[in-house]
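First the structure, in the form of structure tokens, and then the observations on it.
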Amino acid sequence: MSTDPVPSWLAWQLGHGPAGDDPAALFHLALRHRSPDALEVLAGRASTGRHTASTLLAAVLGEGVPSVCLRGTPQRRALAGVAFVWAGLLRSQEELRAAALVVETLWRGEGLSWVSPQLRMTALQTLYLAGRHEQLRQLLADAEGLHPDAELYLRVDLANPHGASTVALAETAWEQLLGTRFAERGLATPRLREVDRDDAVDGAPCPFDRLAAPGPVAGSAVAGELVTVIMPSWRPDVGLLTAVRSITEQTYPELEIVVVDDCSGPDFAEVYARVAALDPRVRVLTMERNGGSYLGRAAAIESSRGSLITFQDADDWSHPNRIEHQVRALDDAGPQTPMSRSLAVRAKDDLTHQWLGYRAVRENASSLLLRRSILERTGGFLPVRKGADSEFAERVARLHGQIVDVELPLAVTRLRAGSLSRGDFTFSWAAPERRAFRSSFMAWHRRLSRRRRDEGEASVDDATLGALPFPVPRGWTRGLPVGALVPGRLATAYLGSFSAPPTTRASGWLQRRLRTGPPEQRVGLWHQEGHAAAGVRRAELDRGLDDALLDGRAWLLSRTDDIAVDRLVVLDLSVLALLAGQGVRVQAGAVEVWLGTESVRPGPSGLPEDLLGAGDVVRSWWGVRPRWVVAPWLDEGEEAELRRALPGLDLHPHGGTAQDVGGPPGPTTTGSPRSVEVARTPTSEVHGAG
Numbered sequence: 000m001s002t003d004p005v006p007s008w009l010a011w012q013l014g015h016g017p018a019g020d021d022p023a024a025l026f027h028l029a030l031r032h033r034s035p036d037a038l039e040v041l042a043g044r045a046s047t048g049r050h051t052a053s054t055l056l057a058a059v060l061g062e063g064v065p066s067v068c069l070r071g072t073p074q075r076r077a078l079a080g081v082a083f084v085w086a087g088l089l090r091s092q093e094e095l096r097a098a099a100l101v102v103e104t105l106w107r108g109e110g111l112s113w114v115s116p117q118l119r120m121t122a123l124q125t126l127y128l129a130g131r132h133e134q135l136r137q138l139l140a141d142a143e144g145l146h147p148d149a150e151l152y153l154r155v156d157l158a159n160p161h162g163a164s165t166v167a168l169a170e171t172a173w174e175q176l177l178g179t180r181f182a183e184r185g186l187a188t189p190r191l192r193e194v195d196r197d198d199a200v201d202g203a204p205c206p207f208d209r210l211a212a213p214g215p216v217a218g219s220a221v222a223g224e225l226v227t228v229i230m231p232s233w234r235p236d237v238g239l240l241t242a243v244r245s246i247t248e249q250t251y252p253e254l255e256i257v258v259v260d261d262c263s264g265p266d267f268a269e270v271y272a273r274v275a276a277l278d279p280r281v282r283v284l285t286m287e288r289n290g291g292s293y294l295g296r297a298a299a300i301e302s303s304r305g306s307l308i309t310f311q312d313a314d315d316w317s318h319p320n321r322i323e324h325q326v327r328a329l330d331d332a333g334p335q336t337p338m339s340r341s342l343a344v345r346a347k348d349d350l351t352h353q354w355l356g357y358r359a360v361r362e363n364a365s366s367l368l369l370r371r372s373i374l375e376r377t378g379g380f381l382p383v384r385k386g387a388d389s390e391f392a393e394r395v396a397r398l399h400g401q402i403v404d405v406e407l408p409l410a411v412t413r414l415r416a417g418s419l420s421r422g423d424f425t426f427s428w429a430a431p432e433r434r435a436f437r438s439s440f441m442a443w444h445r446r447l448s449r450r451r452r453d454e455g456e457a458s459v460d461d462a463t464l465g466a467l468p469f470p471v472p473r474g475w476t477r478g479l480p481v482g483a484l485v486p487g488r489l490a491t492a493y494l495g496s497f498s499a500p501p502t503t504r505a506s507g508w509l510q511r512r513l514r515t516g517p518p519e520q521r522v523g524l525w526h527q528e529g530h531a532a533a534g535v536r537r538a539e540l541d542r543g544l545d546d547a548l549l550d551g552r553a554w555l556l557s558r559t560d561d562i563a564v565d566r567l568v569v570l571d572l573s574v575l576a577l578l579a580g581q582g583v584r585v586q587a588g589a590v591e592v593w594l595g596t597e598s599v600r601p602g603p604s605g606l607p608e609d610l611l612g613a614g615d616v617v618r619s620w621w622g623v624r625p626r627w628v629v630a631p632w633l634d635e636g637e638e639a640e641l642r643r644a645l646p647g648l649d650l651h652p653h654g655g656t657a658q659d660v661g662g663p664p665g666p667t668t669t670g671s672p673r674s675v676e677v678a679r680t681p682t683s684e685v686h687g688a689g
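Next up, the structure:
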């Protein structure tokens, strides 16, 4: 055991900065950035300096929670933060088991009464996922302050005879629990159907693929407008049969079912033949080239007939009453209402529901049921590979008004580790390209809203979407026509914290330069959080950058973008420290670090920024030494102060205004772009409070 762990520079900054006395801010920071230093601060606070994170892990697994960690409220709260990080990082079963042991100890003491309902749920989910089922059953008996859905689905999963639960009930008792939310809302409850001969061809199907809701009669509802149901798929398994069958069994009779084969290839012809044979209303539309779900949706919309259009993911299950209820809600709301949306219950193949940090019941993005007529004003889906459903729903709401939400669980959506969207989020973490994409489209939506307010009308056509009205991640356009519109190389990009409102002189300077500089040279903006961030949630990109993004003067980057930058300018040293252990795909030929007086003056922690560490990060990623430059926003006195503070540093004067806004690099910044991939983030990591 270490009796006096020596903190790193970053650990000291975090522990003595704005977030230092807030365990919640520290553990969210640790999860958002995969920061080992934030975890070390929490471990030190929990053990009053007697343990590092690794020695604390060994102690918990070997002897139980050390008594020193339970002596007072500050220690217990920091220890809870350690447990949330161990569980949320998804690194090892050992950390998950240690997190569960901490949760048990703390819960039996004060019941984790000081944390939010979401975190209480997360703590109990940790017990379930670590296999501590009997202990979870005992704690649930007296649990208070949980969201009702969180408590219900923990009980459902403990009872599940098809999962790993050691306290499972008989199947009939479990099925009754499974159907609770459906029964409460007057819906037929899901059951597991008997395995038929066709299913046996593929072996015994998993519980998810046996879902059915006995009672509702297919086609029994009153007929109305024709509804086109669009189901994109690529190289599907038997789950596609589950998804299509659930639509053929809908009580709403007027259906056109278009299954899109996104160029899966001849090996999947048999699956699609079986799908087409399920019902005469099913039609398979085969794409000539693979283009992703949204291009498939666009092709299906173009070839379909329904005045109402809805969607289904290719491995999900819809309740028989789903379309009936959504059509009725749309009719009741009136002809001006653009679309309806319903709820879903998330479940894995074995019909367990625990996804750390998330409740099982949620809005179902793929349930959008829209009027075809709105597409004339809103356009269709953005022609990219990810994220277009959430962007589309928000755009419709901006241009057409309120979406009708049907507060009924009308689907069970499948949780699989490799799915496109669900692999982009974990507890308190979201993929960097997801965050950048949302920042971009929200800037565009704000402009649409202003036009609607000022001009009384705003519309979008497919030509606008095809021209990409805002920056999108380069990887999301792979192999698509819009890929040619996404830059593969930029002359200059700026790395810094560009949060709202501008919190640094660097951010304010950049915004002024983007407003007044030459418009012909587009620059990159790489927005990252600095180590002084104190909040539980990540700060959003400043809205003052909207016009630069939308008018072609700037392109938003993330660390996972595969893009080359001739000259990368680091405006804020504080972002480099948190990024040190992360994977970076951005390639840089030369790196300049612009230094201001804030770089050498002590910050809230009592220390200035770590220039040596920043240089090491730059060399580890790109194999180049940074060029240290006097920041252009300094006056003469401040520049003199900077030079006095750094007498041994080769500090260059600022190089002129053409270079400021993205002109070609000078002689000292030549070189071919390069990147070093380090500590690549696992694809299983997934949006929580961060």
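If you read the sequence shown in numbering that gives the first Met the number 0, its first letter stands for residue 0, the second for the next number, and so on. All C-beta atoms, glycine included, are put in the ideal place defined by N, C-alpha and C. Being a predicted model, the structure only gives us computed values, none of them experimental.
Asked, Found
"C-alpha gap between Pro718 and Asn159, whole angstroms", "For residue 718 there is no data in the structure shown, the boundaries of the chain being 0 and 689."
"C-alpha distance - His15 paired with Leu606, whole-angstrom precision", "9 angstroms"
"Pro763: first and last residue of the uninterrupted beta strand (DSSP E) it sits in", "Absent from the structure is residue 763, since the part of the chain shown begins at 0 and ends at 689."
"Host beta strand (DSSP E) of His526 (start-end)", "Val522 to His526"
"Pairwise C-alpha distance: Gly19 and Gly662", "Any reading at Gly662 must be qualified, since the residue scores a pLDDT of 43, below 50, and its modelled position is unreliable; the value itself is stated next. Whole-angstrom Cα-Cα distance: 40 angstroms."
"Beta-carbon proximity list for Pro65, same chain, < 6 angstroms, skipping 5 on both sides", "Ala58"
"Assumed close pair Trp704, Arg504 - CB separation to whole angstroms, cut-off 8 angstroms", "Only positions 0 to 689 of the chain appear in this structure, which leaves residue 704 out of reach."
"Residues that Thr476 bridges to, as DSSP identifies them", "Looking at the DSSP assignment, Thr476 forms no beta bridge with any residue, so it has no partner."
"Which residues DSSP lists as bridging Leu368, in chain order", "Thr309 and Ser339"
"Opening and closing residue of the alpha helix (DSSP H) in which Ala328 lies", "Arg321 to Ala332"
"Collapsed DSSP secondary structure at Tyr251 in the structure displayed", "coil"
"Proximity winner among Gly144, Phe267, Gly305 and Ser365, relative to Arg321 (alpha-carbon distances)", "Ser365"
"Thr656 burial status per 10 Å Cβ neighbour count (16 or more: buried)", "Note on Thr656: pLDDT 40, under 50, position unreliable in the model; no value is reported."
"Reference Ala298; option with closest CA among Val259, Arg282 and Asp330", "Val259"
"Nearest-angstrom Cα separation, counted from Glu224 out to Leu369", "12 angstroms"
"Gly495 (DSSP reduced to helix, strand or coil)", "strand"
"Exposure of Leu378, with buried meaning 16 or more beta-carbon neighbours within 10 Å", "First, the amino acid is wrong: residue 378 is Gly here, not Leu. Gly378 comes out buried."
"Among Leu570, Val194, Arg446 and Leu191, nearest to Asp550 - alpha-carbon criterion", "Arg446"
"Residue from Leu38, Ala332, Arg477 and Ala86 with nearest C-alpha to Leu9", "Leu38"
"Contact belief for Val40 with Leu56 at Cβ below 8 angstroms, rounded distance in angstroms", "Contact doesn't hold; Cβ gap of about 15 angstroms is too wide."
"Alpha-carbon spacing of Phe497 relative to Phe310, whole angstroms", "37 angstroms"
"Cutoff 6 angstroms; reference Ala538; Cβ partners in own chain excluding five residues on either side", "Ser498"
"Meets three-Cβ-pair contact criterion under 8 angstroms: the stretch 135-146 and the stretch 171-178", "no"
"Residues near Glu346 in its chain [Cβ-Cβ closer than 6 angstroms; skip 5 each side]", "A small correction: the amino acid at residue 346 is Ala; Glu does not occupy that position in the sequence shown. Excluding sequence neighbours, Ala346 sits near His352 and Val411."
"Spatially closest choice to Gly218 from Ala122, Pro319 and Ser439, by CA coordinates", "Pro319"
"Under the three-state DSSP convention, the category Trp632 falls into", "coil"
"Residue(s) in a DSSP beta bridge with Val569", "Leu494 and Val592"
"Segment limits, beta strand (DSSP E) that includes Arg31", "Not the beta strand (DSSP E): Arg31 falls in the alpha helix (DSSP H), residues Pro22 to His32."
"DSSP three-state assignment for Glu406, whether helix, strand or coil", "strand"
"Stretch pair the stretch 85-96 + the stretch 121-130: three plus CB contacts closer than 8 angstroms", "yes"
"Burial state of Ser458, where buried means 16 or more other Cβ atoms lie within 10 Å", "exposed"
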